[in-house]
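>
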Amino acid sequence: MSTDSHTLAGGRTLTARAASMAANFVALSVAGIVLQVAVLAYLGHLGGNALYLRSVYIPFGFLSLALDEGLTVAVLVATSAARRQCRADTVSGPLTAITLLGLAGFLLLSIVAWSASGTLAQVLDVPADSRAGVRWFTTAMLASDGVVVVPTLVSAALRGLGRARASTVLGVVRMVVFAGAVFGTQATWGLGALSVPIGFVAGSIVIAVLGWRAIGRDGIRPALPGARGPVVRPLRQVALPVAATFLVLSAVSLGYLWLLRDAAAVEVSGFGLVQTLQAYLVVPAIAIGSATAITTTLHGDEARTGGLRTLLRIVLPVYVVIVLAVVLLRTDLVSALAADEMVRAAAAEYLGVIGPSYLFFGLALAVLTYLEQTGHAAGALLLNVIFFGVVLAAGVILTNPVHAHTLVLLIAIAHIPCCGLVLLAARAMERRTSL
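Per the numbering used here, residue 3 is the first one in the sequence shown, and the count goes up by one each step.
(1) Which first and last residues belong to the alpha helix (DSSP H) in which L226 is found?
(2) Let's test the definition: count the other Cβ atoms within 10 Å of the Cβ of D478 and tell me whether it reaches 16, buried, or not, exposed.
(3) Is T376 helix, strand or coil when you go by DSSP?
(4) Drop a sphere of 10 angstroms on the beta-carbon of D131, count the other beta-carbons inside from all chains shown, and report buried for 16 or more, exposed for fewer.
(5) Given that a residue counts as buried once 16 or more other Cβ atoms are within 10 Å of its Cβ, and exposed if not, what is D334?
(6) Determine whether the beta carbon atoms of T294 and Y360 lie at a separation below 7 Å.
(7) Between G13 and the rest of its own chain, which residues show a CB-CB distance below 6 Å, the 5 nearest in sequence each way excluded?
(8) Here's a check: name, in chain order, each residue in its chain whose Cβ is nearer than 8 Å to the Cβ of R85, leaving out the five neighbours to either side.
(9) For R332, count neighbouring Cβ atoms within 10 angstroms of its own Cβ and tell me buried if that reaches 16, exposed if not.
(10) Give a yes or no on whether the C-beta atoms belonging to G135 and L259 are separated by under 7 Å.
(11) So, is C420 buried or exposed, given that buried needs 16 or more other C-beta atoms within 10 angstroms?
(12) Quick check: the stretch 166 to 179 against the stretch 94 to 111, are at least 3 beta-carbon pairs closer than 8 Å?
(13) Would you kindly work out how many angstroms separate the C-alpha atoms of V424 and H417, rounded to a whole number?
(14) Distance, Cα to Cα, V39 vs R219?
(15) Among the residues of its own chain, which have a CB less than 7 Å from the CB of Y59, if the five just before and after it don't count?
(16) Output needed for H8: all residues of its chain with C-beta closer than 6 Å, excluding positions within five of it in sequence on either side, in chain order.
(17) For A188, count the other beta carbons within 10 Å of its own beta carbon; 16 or more makes it buried, fewer makes it exposed. Which is it?
(18) Suppose the cutoff is 6 Å on Cβ atoms and the five residues either side in sequence are ignored; what does the same chain contact list for V79 look like?
See the structure below:
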């Protein structure tokens, strides 16, 4: 009988424990994802070049997700460990340190974005009349994320301490306050796309105060950590692998935009809309991969030998549902997110082509995340490069200009053999580890 079918300590199977942890990871992101989709819809109906600005921002958005998701999972793991050891009082130091790290990280990213905006505009052939907008929007979004990360990490700490209801309530309140702040900023000052980062900052201050008051009931106050271990350990073991996945996605999305540098603005906007949706669709895969890796590691070598089977049991049904939803509801989805009829038509067409392949994409990404966190980081990185490099290489070989439909078709086709390669390599690595 496999390890997965045994009940582990506490009377739950390995699959149930991994699924529960993955659900916790996803739950932390749900309110944020809903908010981001609402903001995307806002930009899509704002008119002008707002949706184009969002499309060019995508590579930086993945950088933001890399830092945000990595730190969030690190806080969740650190606080969960403290709770299991009945030492919730030790959470203050790591939470404060990781929050300060997030603030510094986003400040650095915003400075880099401002400094590199000219080069980025040249590489991507951004129209001259949009370059200033790209510079301001990109920099402002990354700077605002430095404030947004504070309530995000507090929410993660609440969930890690077992206060899931408080975390969920805070997430819902955050969504409402942020959306209200964005729409209120636009209604009052008419700042267009810049209403988003300004509204995010205003909303974050309110939610950060509420969040720290809520977590203060557990005796947690801002404080510097007494030792480096509780801070460095979750960052190294969990945050870095999760962030690495989003960093690869950032580089790939930048490569895609470079391939489309001669495409029409409608194509870029439609493709960007699909890429933005994809950024949210990968969250369950990364959550499932991380949760399975953490769960199998906690339960030793016997559990680890069944880790890949456990992962497949969870991720396959999840992505069957996601694929069906994307394919069947794509017209309604893009209609809600964009006002321009041409952008809607392009995005719906692209989703119809690439949507079914998300089953293979989600499966491969979950497996890669699992490998990164179970001692196979180098192998996972190589597979990541191959997985995404195939499409970029094919796009470079094609005669310019590369159109968005061609690129989407290439991506969809590449997902299938690359997923097969990832599964074969993962199985080989697992067998070698068990010897």
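By construction, the Cβ of each residue, glycine as well, lies at the ideal position given by its N, Cα and C atoms. Computed from a predicted model, the values in this text were never measured in an experiment.
If we stick to the structure as given:
(1) Counted from its first residue, the sequence shown places residue 226 at position 224. Element bounds for L226: n/a, residue is neither H nor E.
(2) Lying outside 3 to 437, the shown extent of the chain, residue 478 is not represented and no answer is given.
(3) In the sequence shown, the residue the question calls residue 376 occupies position 374. The answer is coil: DSSP assigns T376 none of H, G, I, E or B.
(4) Along the sequence shown, one-based indexing puts residue 131 at 129. Its Cβ having fewer than 16 others within 10 Å, D131 is exposed.
(5) Stepping through the sequence shown from its first residue, residue 334 is reached at position 332. Taking all protein chains shown into account, D334 has fewer than 16 neighbouring C-beta atoms within 10 Å of its C-beta and is therefore exposed.
(6) For the purposes of this step, residue 294 is taken as residue 292 along the sequence shown, with counting starting at 1. For the purposes of this step, residue 360 is taken as residue 358 along the sequence shown, with counting starting at 1. In this structure, T294 lies away from Y360, with their beta-carbon atoms at least 7 Å apart.
(7) Counting from one through the sequence shown, the residue named residue 13 turns up at place 11. Any reading at G13 must be qualified, since the residue scores a pLDDT of 47, below 50, and its modelled position is unreliable; the value itself is stated next. Within the same chain, G13 has no close Cβ partners at all.
(8) For the purposes of this step, residue 85 is identified with residue 83 of the sequence shown, where counting begins at 1. G162, L163 and G164, listed in sequence order.
(9) Position 330 of the sequence shown, counted from the first residue, corresponds to residue 332. It counts as buried.
(10) Indexing the sequence shown from 1 puts residue 135 at position 133. Indexing the sequence shown from 1 puts residue 259 at position 257. For the 7 Å CB-CB criterion, G135 and L259 do not form a contact.
(11) For this step, residue 420 is matched to residue 418 along the sequence shown. Buried is the call here.
(12) No, they do not touch.
(13) Locating residue 424 in the sequence shown gives position 422, where the first residue counts as 1. Locating residue 417 in the sequence shown gives position 415, where the first residue counts as 1. If you draw a straight line from the Cα of V424 to the Cα of H417, it is about 10 Å long.
(14) Against the sequence shown, residue 39 aligns to sequence position 37. Against the sequence shown, residue 219 aligns to sequence position 217. Inter-residue distance for V39 and R219 is about 32 Å (C-alpha atoms, whole angstroms).
(15) Here residue 59 refers to the residue found at position 57 of the sequence shown. So the list reads F139, T140 and M143, once near-sequence residues are dropped.
(16) Here residue 8 is taken as the residue at index 6 of the sequence shown, counted from 1. Note that H8 scores a pLDDT of 49, beneath 50, so its modelled location is shaky; the value from the coordinates is reported in the next line. Excluding sequence neighbours, H8 sits near nothing in its chain.
(17) Position 186 of the sequence shown, counted from the start, is the residue given in the question as residue 188. Here residue 188 turns out to be Gln, not Ala, going by the sequence shown. By the 10 Å Cβ count, Q188 comes out buried.
(18) Taking the sequence shown and counting its residues from 1, the one referred to as residue 79 is at position 77. If we look at V79 and ignore the five residues flanking it on each side, its Cβ neighbours are P236 and V240.
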